[in-house]
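A.B. asks: Below you'll find the structure I mean.
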Amino acid sequence: MRAQHNSLDTRYRSIAGAVAVGEQLRLTIDIWDDVPRRVVLRTWTDEEKEKLVPMRKVGCSERRNIVLCGELNGGCRYGVTLTFDKPQVLWYSFQITSSKGDVWRYGAAQEDKVGVGAFAYGEPPSFQVTVYKKQRTVDPTWYTQGVAYQIFPDRFARDDNWRARCERVLSIPRKGVTRRLVGDWNTYPYYERDADGNILAWDFYGGSLQGIISKLDYLKNLGITIIYLNPIVEAQSNHRYDTADYFHVDPMLGTDEDFEELCKRASDMGISIMLDGVFNHVGADSHYFNACGNYAELPASNKKATTHSWFTFNDSGAYDCWWGIKDLPAIRKHCPEFRELICGENGVIRTWLRRGARAWRLDVVDELTDDFVEDIKSAALAEKPDSVVIGEVWEDASHKRAYGNLRKYFQGAELDATMNYPLRDALISFITRRSSADSFASSIESLRANYPREAFYAEFNMMSTHDRARILTMLGDAPDKSAISEGDQYWFRLNPGCRALAVSRLWLTTLIQMCLPGVPCVYYGDEAGLEGYSDPFCRFTFPWENPDKNCQIIYRNAIQLRKTLDVFVTGDLHVRSFGYDVFGMWRRDKTTSVCVLVNTHTEMSQTVDIPVENFVPLTQNLGKDMQALRLVDLLTGNEYQAHNGTLTLTLQNLGSMILCASIKTPLSLPFKPGAGVLCHITSLPGGTLGQPSYNFVNYLSQAHMRYWQMLPVHPVDEDKSPYAGYSAFAGNMALVEQQEQCNTKDDEDEDNTPDSVEFHRFVQDNDHWLVPYACFRALKKRYKGVCWQKWPAPYNRWDPAFTREHDLLDDIETCVKKQFIFDRQWRALKAYAHENGVSLIGDIPMYVSADSADVWTNPQMFNLDVDGYPTLAAGVPPDEFSATGQLWGNPTYNWDLMEQDGFSWWTRRLAREFDLFDYVRLDHFLGFSSYFAIPVTKQAVRGSEQTESEEAAIQAIAHGSWREGPGVRVMRALYKKLGPLPLIAEDLGIVTPAVRALLMDTHICGMDVMQFSHEDVRFGYHPSYKKVAYTSTHDTQTLIGWCKDHYHMDSYTAEKQAEYLLSEAFSSDALVSIATLQDILHLDDSARMNVPGTSNDNWSWQANTEDLATSAEYVRTLVDQTGRI
1 MRAQHNSLDT
11 RYRSIAGAVA
21 VGEQLRLTID
31 IWDDVPRRVV
41 LRTWTDEEKE
51 KLVPMRKVGC
61 SERRNIVLCG
71 ELNGGCRYGV
81 TLTFDKPQVL
91 WYSFQITSSK
101 GDVWRYGAAQ
111 EDKVGVGAFA
121 YGEPPSFQVT
131 VYKKQRTVDP
141 TWYTQGVAYQ
151 IFPDRFARDD
161 NWRARCERVL
171 SIPRKGVTRR
181 LVGDWNTYPY
191 YERDADGNIL
201 AWDFYGGSLQ
211 GIISKLDYLK
221 NLGITIIYLN
231 PIVEAQSNHR
241 YDTADYFHVD
251 PMLGTDEDFE
261 ELCKRASDMG
271 ISIMLDGVFN
281 HVGADSHYFN
291 ACGNYAELPA
301 SNKKATTHSW
311 FTFNDSGAYD
321 CWWGIKDLPA
331 IRKHCPEFRE
341 LICGENGVIR
351 TWLRRGARAW
361 RLDVVDELTD
371 DFVEDIKSAA
381 LAEKPDSVVI
391 GEVWEDASHK
401 RAYGNLRKYF
411 QGAELDATMN
421 YPLRDALISF
431 ITRRSSADSF
441 ASSIESLRAN
451 YPREAFYAEF
461 NMMSTHDRAR
471 ILTMLGDAPD
481 KSAISEGDQY
491 WFRLNPGCRA
501 LAVSRLWLTT
511 LIQMCLPGVP
521 CVYYGDEAGL
531 EGYSDPFCRF
541 TFPWENPDKN
551 CQIIYRNAIQ
561 LRKTLDVFVT
571 GDLHVRSFGY
581 DVFGMWRRDK
591 TTSVCVLVNT
601 HTEMSQTVDI
611 PVENFVPLTQ
621 NLGKDMQALR
631 LVDLLTGNEY
641 QAHNGTLTLT
651 LQNLGSMILC
661 ASIKTPLSLP
671 FKPGAGVLCH
681 ITSLPGGTLG
691 QPSYNFVNYL
701 SQAHMRYWQM
711 LPVHPVDEDK
721 SPYAGYSAFA
731 GNMALVEQQE
741 QCNTKDDEDE
751 DNTPDSVEFH
761 RFVQDNDHWL
771 VPYACFRALK
781 KRYKGVCWQK
791 WPAPYNRWDP
801 AFTREHDLLD
811 DIETCVKKQF
821 IFDRQWRALK
831 AYAHENGVSL
841 IGDIPMYVSA
851 DSADVWTNPQ
861 MFNLDVDGYP
871 TLAAGVPPDE
881 FSATGQLWGN
891 PTYNWDLMEQ
901 DGFSWWTRRL
911 AREFDLFDYV
921 RLDHFLGFSS
931 YFAIPVTKQA
941 VRGSEQTESE
951 EAAIQAIAHG
961 SWREGPGVRV
971 MRALYKKLGP
981 LPLIAEDLGI
991 VTPAVRALLM
1001 DTHICGMDVM
1011 QFSHEDVRFG
1021 YHPSYKKVAY
1031 TSTHDTQTLI
1041 GWCKDHYHMD
1051 SYTAEKQAEY
1061 LLSEAFSSDA
1071 LVSIATLQDI
1081 LHLDDSARMN
1091 VPGTSNDNWS
1101 WQANTEDLAT
1111 SAEYVRTLVD
1121 QTGRI
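Under UniProt numbering, the sequence shown is numbered contiguously, ending at residue 1125.
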C-alpha cells in the first residue's frame, strides 16, 4: 500500500497554515495499491483527547488531483471536513484498514511535523493544526511594517551629563552588591565573581535615555522604526531585570521626563518604543521585597508587609526565586494584588503606554499564566488599540509546553508575536553549513504552518540579543561556548580570516532576515561589527568612534531593500532548497515577485535550475508567454530570461541573487524607440535658443534622430556650471536669442508686449517661483552679489512685501519680462522640434545651490542653521573615484517636512520641467533612496563666498553619514499629482539594491553608459532593454578618449574603435540609444564638456558648423542601418 498526505499542499489540506475559528478545514489522503476497508482520521487535543473520525471516499472532481509519483489513475482519495468552534491545538494522523484487515498508520514523516507524511510502525508523529480566534480590531501596521533595533541602555550612548548623574546616584549609601562606574567607554565587560560564582559588582558605563535621544537621527537613517529597550526601570543591576520600582526610570539612565521626551522625539521621526516587561519576578533589592533594607517598605519576609503574600516563603525563611537566583524572588502564579499592579487602569502596562511607549515585550513569558498574559494584552489594548505584546519564547510558540501545560500564546487572546529564536538557530546553522538548505526551509515551513498568518508576519526576527552570542561571533566559526572558559571568552576575538568569513556570511544572513516575513530586529552594535559570546560579552559598548563600515553597509543596504518593496512586508512566501548549500525564497504578490537565492558554500559555486512557474502570480498574468518574464538581479543589475520555462543560474561561493520581476502599473511614461544626441545648447555653434537651435533640430530630424538631450537650462553660477545656479525654475537668459529672430513663423501681427494676455498668463501660471526669483535677483543686485545669507534682516528671508519696495520694482519687473522672453523662445523651439519629430530631454540636478532663490524662498525645506547656511551638506564618501570623498556643499532636503506637505516643492519643480521638456533626466537618482549628508559649518558652504580648506573638508566628510531618502513614496506622490512621469534616472556610480528595486517598482528607465559596462564592449555591448544606452556623458571622456586610455590605443585605432562602438550602441537592444555630439563628430578628450573635480575650462566646448555639416550623412546612415528610425 502507498499513501500520501502533504500538510503544506492545499490539495490535501485546504488551509495549509493555522485555521480561524469558524473556518472549515478539508483534509484528504491519497491511497494506492489497495482498496482499504476503512480510513479514519485520528485527532487529539488536550481538552478532548483522542477522537476517531471516519473519512469518505471522494468524488471524481476531487480525485483528479492525485499526484503521487505522477500517477493519475489507480488511486483513491479519502476526505473529511472539520469545523472548529473554539481555539485549540489539534494533532492528527491517519489509520488505514487494508483490504486484509491490518491497520496501517500514517502521520508526519519529519520531526518538524510538516510536509509529506509517511507510514510508521506504531503510532506516528502527528500533523498539527493551530486553531485561533481573531480578536484584534486594529492592525498594528506601525509594528508589522517596521524594522526594530534592540538597545541595552547602559551600553549604547552616553549624554553630556552622564558622569555627574551617575556619580550622584552612586554616592547615595546603599546596601547590597557593589555598584561602580566605568570611566573608559571602551573597557570590555566582564563579571567579577566570588568562589561560588556570584557577581560581586555591577559595572555601569553611563549609557542613558538622553544618549539614545542624541542618536535617534542615526537610527532613523539606518532605517529603524522601532526601538526595543531592555528594562529601563529602577534596579540594582546594570541589566535591570531585577526590578526595584516598576513606575520610574532608573536614575542612572535619567528621569521619567527623559523617557517621555524620548518617545516624543522618536515619534516625530517615525520611531516607536517597545519596553521590556519583567513580571515573573522582582529584584530582592526593591520596593517590593526589600531584602537589603534600602527602601522604606517592610521587607517582604515580614508577614506584616503588604507584599508578603506576593511571594512564597517556607518555614526556614527561604523563598521561591527564578531559576534559583536569590536576587530574583518569584511572584506567586496567582497573586491578584500583583496582577492589579501590572494590569490595572493605573498599572504598569497602561502607565508606560500613556507616557509614550507603544509595545511590550514580556520577559520569560513561559513563567506567566495564560490568564495573566491575557490580562496584560487586554490592558495594553485598552490603553492603545494598536499596541503590541510580544513574548520571549525560545521554541515553537504554537505548541510550547511549560510546567506540563500547553500554552495558548497564539490562540488569539495573548501574544501578537514571539522572539523568533527557532528562526535564529535554524538560519545560523544553515549559513555556517551545520545543516542543509532543506532543513532550513523545513524549519520555516513548520513555523508558517503552525502560526496564524498574523503572528507569523509579526514574528520578532532577531539574530543577536542581550543574552545570546553576537551574530558575527556565531558566523565566524568561533569555538562553542561550552568548550572554553569564561576567561577565554573574554579574550576571544575572531582572527582576520575568520572575521572576513563572518562578514561575508553576515550579508547572506541579513539578506534573508530582512526578506522573510516578520519584523527584523538589529541588536545594537551588530551593524557596527561588534563580536562577543553571550552575557556579559555580548553587552559591549557601541563603538561610535570606530564602527565597521562594511557591516554598516550590509545592514543599511538590506534594510533599505526591505523598505523599498512592499512585497517583503506583506507578500506571500514560498521556500525551497537546491542541494545542501543553496536556499531560495520567493516573496510574491499580485504584481511583484522577488526570488532571493543564497549559496553558503565557502569555496564552490553552485548552478541551479529554477522553473519559471515559481514566479506566480506574474506568470499567470503572462499566460502562456513564459519567455516574456525578464528578471533583474537587484545586486548587480544583470538581467535574466527564461529558456524552455527554466532559469539556469550560477551563484558564486558565498554568493547571492535578488531576482525581481514586476508588472505593477508603471509610474513612468514609456519612451518610444529611437536614437538621440546629447548636446547642451551652449555647445552648438552660436549657442542660443534662436537659429543655432533650430538648425540643430533640422540636423536631428534629417538624421532621423528622435531625441535631443541637453543639460539644465536654468541660471548658472559664476563657474558657469548648468548644475549649480540661482534657481531650479527660472530660465538661463544667456541662452536667449537677443534679436528674437527665429524662423518659426511671422509673428508681426501678434501682441508680444509685456502687457499682452500671453504675458499675464505666464506670470499667473508661474507666480509661485517667478516673483520670488525676480525679487531675489533684485536684492542680489542691491547687495552687490553677496550670498543671501549675508543680507540684513528682514531681507534674508523671502517676504512678498519686498515686491512693493519702490527701489526694487524696476529690477523685479525687468527680470519678469526677461523670463517671459525666455519662455516664449523656449516654447517656440519646442513646438518646432515637435513639428520635426524631435522630443526634448532635459536634466535637473538632485540638489540646488545654497545661494539660490529656491533656498531663500523655502528655507524650511532644507537642512539649514538659523542664518540660512547648510547644516547638512550633500556629497559622497571616499570611493574609487575620489580617495577623500566629495563635499558638494549643497544643502540637503528636509525630507520629513517635504513629505508632510505631500512633496509639493518637488511637484512644482517637476511640473515646471515637464512643461519645458518631453522627458527629464534626474541627476544623482540615488539621493531619492539614500543620500550622504555631511555636517558642515557655514565656512564649508559652496556658493556662500566662503570655502573651507581641503583638509577641513576631508575632516567634515569623515563625519558624514548615509541617510534614508523618501524612496518610492515621493514617486507615488508625484505620479498621483502629475500622472505618468517622463523620467530617466541617473543610476550610475553608487547603485544599491534599494535603488534598483526603486527603479523596478516604478518602471523608471535607468542609464547604461557604455564606458561603465562590466563586459569588454569591443566584443559586444548588451545594455538592458529597460535602460537608455549612452556612449558617453557630459562628465565622462569622449568615446575616442576612452578607447585611447582604456585600451591603450593610438589615435587612429581609437577613432576606428569608437566608430564601431557607436554602431554597437545604436544596434543594441536598448529601447533608446543616445550619443554625445562629441562622439558623433569623432572628437577626442580635447572636446570634453566637463572633468569632475576640476573648475577650469569646463562647460565651454562648442562644436563648429563645418563638423556638423560633414557629419550629417554619416549620422543618417548610422541611424538607418541600425534600425533606429
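We treat Cβ as the ideally placed atom computed from N, Cα and C, and that holds for glycine. Computed from a predicted structure; not experimentally measured.
1) Can you tell me whether K304 is buried or exposed? The criterion is at least 16 other CB atoms within 10 Å of its CB, across all chains shown.
2) What residue ranges within the segment 1049-1108 form continuous alpha helix (DSSP H) runs of no fewer than 4 residues, ordered along the chain?
3) Sorted by chain position, which residues of the same chain lie with C-beta nearer than 7 Å to residue 1127's C-beta, five sequence neighbours on each side aside?
4) If you check the beta carbons only, do E1059 and H1082 fall under 8 Å apart?
5) On a CA-only basis, which of D535, I431, Q606 and S442 is nearest Q110? Give me that one, please.
6) Would you mind stating whether R284 and K333 have Cβ atoms separated by less than 8 Å?
7) If we ignore side chains and look at the alpha-carbon of each, how far apart do N743 and V1115 end up?
8) By the 10 Å Cβ neighbour count, where 16 or more other Cβ atoms means buried, how is P87 classified, buried or exposed?
9) Could you give the DSSP three-state label for K133: helix, strand or coil?
10) Out of curiosity, what's the CA-to-CA distance linking K51 and V89?
11) What did DSSP end up calling N405 once you bin it into helix, strand or coil?
12) Note down the Cα distance separating L8 from V393, rounded to an integer number of angstroms.
13) With H, G and I counted as helix, E and B as strand and the rest as coil, what does DSSP make of L651?
14) Can N346 be considered in contact with the ligand SAM, in the sense that its beta carbon sits closer than 7 Å to one or more heavy atoms?
15) If you follow the alpha helix (DSSP H) that H760 is in, where does it begin and where does it stop?
16) Where does the unbroken beta strand (DSSP E) through E964 begin, and where does it stop?
17) Would a C-beta distance cut-off of 8 Å place L219 and Y149 closer than the cut-off?
18) What's the C-alpha gap between K264 and T351?
19) Thinking just about the alpha-carbon of each residue, which of Y12, I96 and I984 is nearest to the one in M1?
20) Using 8 Å for Cβ pairs, my map puts I841 next to D918. What's the rounded Cβ distance?
21) Is Y188 buried or exposed, if buried means 16 or more other CB atoms sit within 10 Å of its CB?
22) Counting only the same chain and skipping the five closest in sequence on each side, list residues whose C-beta sits under 8 Å from that of D484.
23) Give me the Cα-Cα distance between R26 and S387, rounded to the nearest whole angstrom.
24) Name the one or two DSSP bridge partners that N614 has.
25) Does the contact criterion of 3 or more C-beta pairs under 8 Å hold for the segment 631-639 versus the segment 577-591?
26) Excluding the five sequence neighbours on either side, which residues of its own chain have a C-beta within less than 7 Å of the C-beta of L353, listed in chain order?
27) May I ask you to verify whether the segment 689-707 touches the segment 1012-1020, counting CB pairs closer than 8 Å and requiring at least 3?
28) For E950, count neighbouring Cβ atoms within 10 angstroms of its own Cβ and tell me buried if that reaches 16, exposed if not.
29) Within a Cβ cutoff of 7 Å, which residues of the same chain sit near G674, ignoring the five residues on either side of it in sequence?
30) If you count every other CB in all the chains shown that lies within 10 Å of the CB of F760, and 16 or more means buried, which is it?
31) For residue 1149, does the count of other Cβ atoms within 10 angstroms reach 16, so buried, or fall short, so exposed?
32) Are the CB atoms of L516 and N557 nearer to each other than 8 Å?
33) With 16 other CB atoms within 10 Å as the buried threshold, where does Y121 fall?
34) Apart from the five residues just before and just after F440, which ones in its own chain have a Cβ nearer than 7 Å to its Cβ?
35) Please go through the same chain and pick out, in chain order, the residues whose beta-carbon is closer than 6 Å to the beta-carbon of H308, but skip the five residues on each side of it.
36) Out of curiosity, what's the CA-to-CA distance linking I512 and L447?
C.D. replies: Walking through what the data contain:
1) exposed
2) 1051-1067 and 1077-1080
3) Given that the chain is displayed from residue 1 to residue 1125, the structure contains no residue 1127 and the question cannot be resolved.
4) yes
5) S442
6) One point to set straight first is that residue 284 is Ala, not Arg, in the sequence displayed. Not closer than 8 Å, so no.
7) Confidence is the limiting factor: at N743 the pLDDT is only 39, short of 50, which leaves the residue's position unreliable, though a coordinate-based value still follows. Computed Cα separation, rounded: 24 Å.
8) buried
9) coil
10) 14 Å
11) strand
12) 24 Å
13) strand
14) For the ligand SAM, the structure offers nothing, since it holds no ligand at all.
15) V757 to D765
16) S961 to E964
17) yes
18) 15 Å
19) I96
20) 7 Å
21) exposed
22) The question names Asp, but residue 484 is Ile in the sequence shown. F492.
23) 35 Å
24) Per DSSP, none; premise fails for N614.
25) no
26) A380, E383, K384 and S387
27) no
28) exposed
29) R706, Y707, V1072 and R1124
30) Note on identity: in this sequence residue 760 is His, with Phe being the wrong assignment. So H760 counts as exposed.
31) Residue 1149 is absent from the structure shown; the chain starts at 1 and stops at 1125.
32) no
33) exposed
34) A426, L427, F430 and F583
35) A300
36) 16 Å
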